[in-house]
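Take a look at the structure below.
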């Protein structure tokens, strides 16, 4: 492995975190040197020192193998988690080492699960850092790194192809060296628009920037204990739904729609499938909540159902109601839409609608072949025929996801988590949704979960965010090296 290339590029990723830690220090100073100032300042110095170290003592190199690339991706994420937990651990309060790790992983992976029972007890600077981890992780630790690396660098091109899955890049007519710019442009545009519109709707600048960080990253961290419900504003709730939806569709489609000034790019079969799922699951949830007496009117039932389904489907995890009092059937509906998730090439989690649609079409083809063995059948999505070599990795991913889910549920039960919470928390963390059911629901926290389960769920978040393959590649590399 090329240690020089790995260390320098991981250093870039740490410097991104250091920059936002410094911004958090400024927030602390602006708030009269609040109680997190020392923790943030020390964290900044440590993170900056470690991040800048390779640029002082390691020579620049443009050589990078496939193995080096996977190591850069995995280490960039893991070290971001590690250094990202420093402000929490140094500040103390509810943040034990395990809790600080959990909150950091949840932030960077944009999962939005929290151990905090009283969010508003944190100083503003630490709340800002907490939401900033969403902002960094939403675009991607490695994508931030790619924005710094010159576009002519062969390292940037190789890392782009490795960090963004084939699902993200197919059929959007954008050259590989432009993909990062397209994604960053849409992402920053969503953030700016959300920030300005939130302020116009009545949020304070501080609340607006925190919620804009979260919504464009499809994260879910809020600066309020009651999340979006704290503002008691249908306008803010409506804006949040719009931005959750936009953050969960392919950024290439959003970019092309604005670039061409037409809605033609949105005539996409995967987008139609995803939107259709949102509508169907919203109606299902409405039909559960109103007749069951959980909502006062059909209007409230429809509004709250739409918000909740968009939250879970986009893996954002905000809340306007407490789902802990809902029946199990409502929980099942929300877990299903969380499993499907948004589109590839967005900040949403889940299996991704692209893969689910491929799976459905594959099942349909197998049924046709069982009835008509001589039929020549291919899988088409829109006008494009999906090749077998492109299809198999996506179906294998669904299989790997299912295996990880089963292992997570088993271990959760072993660690003492109750049956409903074990399954719901495993699904919610693997899909990067965050809130689960019962005490782990939209207004709850993971604070009561055993430490061993918190470590397990942190691993789930990491696997879900990085989409399994890079981690397995690095593990395989390490075992192969040890055998030699």
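Residue numbers (our numbering): 18 to 501.
A virtual CB, placed ideally from N, CA and C, is assigned to each residue, including glycine.
### Task
Pull up the CB-CB distance for residue 523 and residue 471, whole angstroms please, since I reckon it's below 8 angstroms.
This structure does not reach residue 523, given that the chain is present from 18 up to 501, and the question cannot be answered.
#### Entry: Segment contact flag, the segment 306-314 with the segment 211-231, C-beta cutoff 8 angstroms, min 3 pairs
Cβ pair count under 8 angstroms is below three, so no.
### Task
List the endpoints of the continuous beta strand (DSSP E) containing residue 64.
Run containing residue 64: none in the beta strand (DSSP E); it sits in the alpha helix (DSSP H), 54-74.
### Task
Compute the beta-carbon to beta-carbon distance between residue 57 and residue 146, rounded to the nearest angstrom, for a pair I have assumed lies under 8 angstroms.
7 angstroms
#### Entry: Whole-Å CB distance - residue 425 paired with residue 473, under 8 angstroms assumed
6 angstroms
### Exposure label - residue 497; buried when at least 16 CB within 10 Å
Residue 497 should be labelled exposed.
### Message
My parser needs the alpha helix (DSSP H) runs of 4 or more residues fully inside the segment 415-464; what are they?
### Response
436-447
### residue 77 - DSSP class collapsed to helix/strand/coil
coil
### Task
Report yes if the C-beta distance between residue 270 and residue 285 is below 9 angstroms; otherwise report no.
yes
### Cβ separation of residue 140 and residue 48, assumed to be a contact under 8 angstroms, to the nearest whole Å
With 8 angstroms as the limit, residue 140 and residue 48 qualify as a contact, their Cβ atoms being about 7 angstroms apart.
### Query
How many whole angstroms separate the CB atoms of residue 212 and residue 235, which I take to be in contact at a CB cut-off of 8 angstroms?
Contact doesn't hold; Cβ gap of about 16 angstroms is too wide.
### Message
If I measure Cβ to Cβ from residue 475 and keep anything under 7 angstroms in the same chain, skipping five residues before and after, which residues do I get?
### Response
118, 119 and 122
### Query
Buried or exposed: residue 226, going by 16 or more other Cβ atoms within 10 Å of its Cβ?
Buried: at least 16 other Cβ atoms inside 10 Å.
### Message
Need the endpoints of the alpha helix (DSSP H) that residue 46 sits in, please.
### Response
20-47
### Query
Which class does residue 199 belong to by DSSP, given the choice of helix, strand or coil?
helix
### Query
Excluding the five sequence neighbours on either side, which residues of its own chain have a C-beta within less than 7 angstroms of the C-beta of residue 469, listed in chain order?
432
### Reduced DSSP secondary structure (H/G/I, E/B, other) of residue 128
coil
### Task
Going by CA-CA distance only, name the one from 266, 347 and 275 that's closest to residue 304.
Of all alpha-carbon atoms in 266, 347 and 275, the one lying nearest the alpha-carbon of residue 304 is that of 347.
### Query
Going by the CB atoms, is the gap between residue 250 and residue 7 shorter than 9 angstroms?
Past the boundaries of the shown model lies residue 7; the chain is included only from 18 to 501, so the question cannot be answered.
### Task
Take the Cβ of residue 281 as the centre, count every other Cβ of all protein chains shown within 10 Å, and call the residue buried at 16 or more, exposed below.
exposed
### Query
Is DSSP giving residue 401 helix, strand or coil here?
strand
### Which of helix, strand or coil DSSP assigns to residue 396
strand
### Query
Nearest-angstrom Cα distance between residue 111 and residue 351?
29 angstroms
### Task
In the DSSP assignment, find the unbroken alpha helix (DSSP H) run with residue 148 in it and report its ends.
141-156
### Message
Please identify the residue among 454, 158, 39 and 457 whose C-alpha is closest to the C-alpha of residue 96.
### Response
For the set 454, 158, 39 and 457, the Cα lying nearest the Cα of residue 96 is the one of 158.
### Reduced DSSP category for residue 227 - H, G, I as helix; E, B as strand; rest coil
DSSP places residue 227 in the helix class (H, G or I) of the three-state scheme.
#### Entry: Coarse secondary structure for residue 360, derived from DSSP in three states
coil
#### Entry: the segment 250-264 touching the segment 322-339, judged by at least three CB pairs closer than 8 angstroms
yes
### Message
Distance check for residue 24 and residue 493, CA to CA, integer angstroms please.
### Response
20 angstroms
#### Entry: For residue 268 and residue 363, believed in contact at Cβ under 8 angstroms, the rounded distance
6 angstroms
### Query
For residue 409, is the classification buried or exposed, using 16 other Cβ atoms within 10 angstroms of its Cβ as the cut-off for buried?
exposed
#### Entry: Spatial distance of residue 21 from residue 160 (CA atoms)
20 angstroms
#### Entry: Anticipated Cβ contact below 8 angstroms, residue 322 with residue 302, distance rounded
4 angstroms
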